[in-house]
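Trainee: Chains as they are written, first to last, in the working numbering: chain W, 737 to 1017; chain Y, 9 to 365; chain U, 5 to 397.
By construction, the Cβ of each residue, glycine as well, lies at the ideal position given by its N, Cα and C atoms.
I have a structure I would like to understand better, so I am pasting it below and will then ask my questions one at a time.
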């Protein structure tokens, strides 16, 4: 039992925690609150100035205009696709790193996976723009098979986002696989299970929380992205773009639009929390 | 390996071999963990591999289970060569030291796993899992998660899981190591009982000589990747084949060289079990008339340790040799059996058992 | 890596704008208050923050020979910080942050900035070179109010049609190539990513569908807007990507991802400099275009340096440099004597008002029809914005 804190140590603790807590409340929650609040304001259509009159027109427009629904659904589908692809890629990669590769190789492999995180986001996105372009290496690599590169568009967005967020999926899955005792795999084989059975019944359930934790990153990062789609998305419009372009034109509408990914992410977090994934974050 | 003597528990006259190792060697890099081991475990036998940590006994077990591939040699199960077979192609199950229960499955799902893997129908699966849980006295725990169980309960779940589809051989890797003393002794009895009722061949790995001696039909003492001696517990205890076995299995007074000549009366290496030495007053003659071949010496008591049912004496002999004597606390002690007292020691010359040095 | 900086700034500025404006700390709504013009200039403040179109404030980082920022800094001691904007909407929202002193606003931004009070009137007496500006650019509806100038005219030009000479044959001479005929280059057509681009479609419809009765591409009633949107949706099928970032347009044309679409002369020049086989033409329908004005922020922290910049940028030599580099008509008539190509002013019709009647300068659409119709209600910029979102789908 730790000793009850004296009044002096309690004071120190308060002083220590106050700045970050204040920051969290004001800068983070506060700005979110202001954002939501401003969604109920209007804009002068000529000057783009915010008019502080309370109304729900923005949300009405948001819910009744079909194009917003289309864009929201498209954004959601891309986020889901990126998450699924990342999970499918991360599982075998993390498995090789944590289980197949020798101990000596683990650290270099981990570094290799993490290295792309050190490079700038835009550098990577522009690199993909060059690669996916008409005369880029992707098209050149596919040409011998009589195939054509995806070009700029939704597919390119999914590919690049999946690439950008992959480390965020690999890391938790790798950690979970490394934590998974060798004994579990042996016990499964010992009881008669083949490799696939072991993967399905023992490995996957063990890494499920990690995959869900990783998916929180891939899903929410994809949902909010607007730069990648500008760079390789061709004419694709996602929620992020619409918000970004509305910010300059109609701030309250942009705020109302931002509520969509916020709501989606909150729903997703709630679902993932039920599945117990946040415990391992 | 002599196999003519048919002393199996089931009493059959023709004994088949459940596990056979022929010249099995396992190297990890430059370390030779198992060094040319020959071993035959009979069907229906409770067989223990006894040795200190690092002796290679666990590696032997893992070779049988299929988790490791031998560097050289051959492994047979029930007469079939399984040297290259993966674990899931061997009719053996393992009870791991840390139990290795699947944390995301209920107790019942854990126990039924071997059946699930084989595609047994759900109804039958559950019935047999319940049955297995009943045999380890865990009825009513089916829906729990492993994390909600005590160490002893997990141990039983691991046993039930390994026994549910009645493998030909059950491998137990220090199964009682993580339990406290009382529970360990209780489980020893239970394991023995379980082996008797199921008739399954048990191959147990332990570093605890008590465990090996109490439960096993036969024991193999392992040291540095080799088997030093194989035999029934009594034989291993009473007639250790090597000085190591004599020292590792039970405590003993090992006498060699000059000391052997002085104490035993002839050259060589001898083991005298401490409980075989009687204490007498040096002045008086022994309580019973000394029979032929009894040897008597005199020494001085340097240490007395009371350990419940018995007392351990350390006696210094005139030339600096020391003998340990164990005495059941039954009757009154000789008067001189006190610290610094002059005391007589006597033993049957047959109890000075020669061991190859 | 100029692009990187731009985008990072853009997002940072967007966040700031969002927070500041949302918190009510931004510029309050108003109509034409916009502060006061100074009577005389004081000492320079040592720095000036500029919002400019790409190519308007070159410091030699794109081309070492193209640099009129460093000489300015040397001469005035005013350190220049340039923020490149891709659209007029971006300029307006950046000006609202109050962190910039001056902006090269086009006609679709100027009136909005005047109306919101973000731009201050300019005392033209403090800009000595103002006297040499073409009279046709002074006291125009898009840069003045109640007889007061709200900025110094910079130059004007047209949005051009750029195409890859190796991929687009025969050479196009009509906007038809990116509208009714866009399917021929499906997946490789590009268009400017801003609601104002709707005017390009309207301009094309003026000729292609006279029955719609479009007189001014910025004065569209609902029916006319619907027709333009329908045309743009058709074009959307053939569009590979939209651009508002000039670097993106350059790489797209260079790589062949875009082969035809709207452009600015400066982009065509830069793309050619990258050895891409492109050509830019003014189609026979005429074009939309811009007439830019350097405005001073009502909240300028560095007004003295801002005024010095205004005078510098319209001084004959610099005005000529900018005009040649960007590919536009200079605003200072003396600049025509300073251009390296003696025919520049003739080529870009600097003093040719007839020519500029064919160019429809960007202007903000409002409810009152700009073409003078009294019997119709026109669509305003908010409707254009929504329509543009819908076009892109």
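In angstroms, rounded to a whole number, what distance separates the CA positions of residue 210 (chain Y) and residue 253 (chain Y)?
Mentor: Each residue's alpha carbon lies about 22 Å from the other.
Trainee: Roughly how many angstroms lie between the CA atoms of residue 370 (chain Y) and residue 259 (chain Y), to the nearest whole one?
Mentor: Only positions 9 to 365 of chain Y appear in the structure, and residue 370 (chain Y) is not among them; the question remains open.
Trainee: Please report the distance separating the alpha-carbon of residue 787 (chain W) from that of residue 120 (chain U).
Mentor: Using only the alpha carbons, I get a separation of about 11 Å.
Trainee: Taking a cut of 9 Å between CB atoms, which residues from the segment 871-902 of chain W lie near chain U?
Mentor: Residues 871, 872, 887, 888 and 889.
Trainee: Can you find a C-beta in chain U that's less than 8 Å from the C-beta of residue 993 (chain W)?
Mentor: With 8 Å as the cut-off, residue 993 (chain W) does not count as an interface residue toward chain U.
Trainee: What are the complete alpha helix (DSSP H) segments, minimum 4 residues, inside the segment 878-956 of chain W?
Mentor: Entirely contained in the segment 878-956 of chain W, the alpha helix (DSSP H) runs reaching 4 residues are, in chain order, 890-915, 918-926 and 931-934.
Trainee: Return the first residue and the last residue of the beta strand (DSSP E) that residue 67 (chain U) is part of.
Mentor: First-last for residue 67 (chain U): undefined, no H or E at that position.
Trainee: For the segment 235-260 of chain Y, list every residue whose C-beta sits within 9 Å of some C-beta in chain W, in sequence order.
Mentor: Going along the segment 235-260 of chain Y in chain order, one finds no residue with a Cβ nearer than 9 Å to chain W.
Trainee: Taking 8 Å as the CB-CB limit, is residue 926 (chain W) close to chain Y?
Mentor: Interface residue, yes.
Trainee: Among Y:268, Y:330 and Y:277, which has the Cα closest to the Cα of residue 251 (chain Y)?
Mentor: Ranking Y:268, Y:330 and Y:277 by Cα distance to residue 251 (chain Y) puts Y:277 first.
Trainee: Smallest Cα separation from residue 8 (chain Y): which of Y:236, Y:58, Y:206 and Y:82?
Mentor: This structure gives no information on residue 8 (chain Y), because the portion of chain Y shown stretches from 9 to 365.
Trainee: Examine the Cβ distances between the segment 321-330 of chain U and the segment 342-355 of chain U and report whether three or more of them are shorter than 8 Å.
Mentor: Taking 8 Å as the limit for Cβ pairs, the verdict is that the segment 342-355 of chain U does touch the segment 321-330 of chain U.
Trainee: Measuring CB to CB, does residue 995 (chain W) end up less than 8 Å from residue 772 (chain W)?
Mentor: Cβ distance < 8 Å, so residue 995 (chain W) and residue 772 (chain W) count as in contact.
Trainee: Once the 5 residues before and after residue 76 (chain U) are set aside, which same chain residues still bring their CB inside 6 Å of it?
Mentor: For residue 76 (chain U), where only same-chain residues beyond five positions count, the Cβ hits under 6 Å are 316.
Trainee: Spatial neighbours of residue 26 (chain U) within its chain, please: C-beta separation below 8 Å, excluding the five flanking residues on both sides.
Mentor: Only weak support is given to the placement of residue 26 (chain U): the predicted model assigns it a pLDDT of 40, under 50, and the value that follows is read from those uncertain coordinates. So the list is empty, once near-sequence residues are dropped.
Trainee: CB-CB under 6 Å to residue 320 (chain Y), same chain, minus the five flanking residues each way: which ones, in chain order?
Mentor: Cβ within range, chain order: 313 and 334.
Trainee: Could you have a look at residue 246 (chain Y) and say whether DSSP puts it in helix, strand or coil?
Mentor: Helix.
Trainee: Does DSSP put residue 369 (chain U) in a helix, in a strand, or in coil?
Mentor: Residue 369 (chain U) falls in the coil class under three-state DSSP.
Trainee: Shortest alpha-carbon distance to residue 185 (chain U) belongs to which of U:136, U:240 and U:39?
Mentor: It is U:240.
Trainee: Could you give the first and the last residue of the continuous beta strand (DSSP E) run that contains residue 57 (chain U)?
Mentor: Looking at the DSSP string, the run of the beta strand (DSSP E) that includes residue 57 (chain U) is 51-57.
Trainee: Are the beta-carbon atoms belonging to residue 846 (chain W) and residue 829 (chain W) less than 8 Å from one another?
Mentor: No; because the gap between Cβ atoms is not below 8 Å, this pair is not in contact.
Trainee: I'd like to know if residue 923 (chain W) contacts chain Y, where contact means its C-beta is closer than 8 Å to some C-beta of that chain.
Mentor: True, the Cβ-Cβ gap to chain Y drops below 8 Å.
Trainee: Do three or more CB pairs link the segment 327-347 of chain Y to the segment 278-290 of chain Y at distances below 8 Å?
Mentor: Yes, since at least three Cβ pairs between the segment 327-347 of chain Y and the segment 278-290 of chain Y fall closer than 8 Å, the two stretches touch.
Trainee: Return helix, strand or coil for residue 829 (chain W), following the three-state DSSP convention.
Mentor: Of the three classes helix, strand and coil, the one that applies to residue 829 (chain W) here is helix, per DSSP.
Trainee: Which stretch, first to last residue, makes up the beta strand (DSSP E) that contains residue 161 (chain U)?
Mentor: Counting along the chain, the beta strand (DSSP E) containing residue 161 (chain U) begins and ends at 156-162.
Trainee: With residue 296 (chain U) as the anchor, note down where its beta strand (DSSP E) starts and where it stops.
Mentor: 291-301 is the extent of the beta strand (DSSP E) around residue 296 (chain U).
Trainee: Along the chain, where does the alpha helix (DSSP H) that runs through residue 255 (chain U) open and close?
Mentor: Its alpha helix (DSSP H) spans residues 250-259.
Trainee: Just the chain Y side, please: which residues come within less than 7 Å of residue 930 (chain W) by C-beta, in chain order?
Mentor: Going along chain Y in sequence order, the residues near residue 930 (chain W) (Cβ under 7 Å) are 96.
Trainee: Which of the three DSSP states is assigned to residue 224 (chain Y) in this structure?
Mentor: In the structure shown, residue 224 (chain Y) sits in coil (DSSP, three-state: anything other than H, G, I, E or B).
Trainee: Report the start-end ranges of each beta strand (DSSP E) in the segment 274-350 of chain U that is 3 residues or longer and not cut off at the edges.
Mentor: Qualifying beta strand (DSSP E) stretches, in chain order: 282-285 and 291-301.
Trainee: Going by CA-CA distance only, name the one from U:226, U:85 and U:219 that's closest to residue 50 (chain U).
Mentor: Residue U:85 is the option with its Cα nearest to residue 50 (chain U).
Trainee: Is residue 792 (chain W) buried or exposed, if buried means 16 or more other CB atoms sit within 10 Å of its CB?
Mentor: Exposed is the call here.
Trainee: So with CB distances below 7 Å, who are the chain W contacts of residue 149 (chain Y)?
Mentor: None at all; the shortest Cβ gap to chain W is about 19 Å.
Trainee: Going along chain W in order, which residues have a C-beta closer than 7 Å to the C-beta of residue 119 (chain U)?
Mentor: Result: 782 and 783.
Trainee: Apply the 10 Å Cβ neighbour rule to residue 841 (chain W) and answer buried if 16 or more other Cβ atoms are within range, or exposed otherwise.
Mentor: Per the 10 Å Cβ criterion, exposed.
Trainee: Quick one, which of W:950, W:924 and W:973 has its alpha-carbon nearest residue 124 (chain Y)'s?
Mentor: Among W:950, W:924 and W:973, the Cα nearest to that of residue 124 (chain Y) belongs to W:924.
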